[in-house]
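Below is one structure; the comments refer to it alone.
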Amino acid sequence: MTATRVEEIKALGNQMIEREIERCRKQMGEREWEKHREWVTANIVTAAKAWLTHEAKAGRL
């Protein structure tokens, strides 16, 4: 995998993470988001990394 391809996959992952964080923030509301932001963000990042790794290994990225 080329460095450019890795950068593209990382950019895709970052976009996915940002969209999901924003979706959760809107759904939860500011008060709940402030209480749960840390673990929700960690969960989103972990899930995105797992999905990206799986898809890359399967040749779909």
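For the sequence shown, this note's numbering begins at 780 and goes up steadily by one. Glycine is no exception: its CB is placed at the ideal position from the N, C-alpha and C atoms.
Return helix, strand or coil for residue i, following the three-state DSSP convention.
i	result
residue 820	helix
residue 795	helix
residue 825	helix
residue 807	helix
residue 783	helix
residue 837	coil
Hey, would you say residue i sits closer than 8 Å to residue j, going by beta carbons?
i	j	result
residue 827	residue 796	yes
Next on the checklist: Does the contact criterion of 3 or more C-beta pairs under 8 Å hold for the region 831-839 versus the region 806-818?
Outcome noted: no
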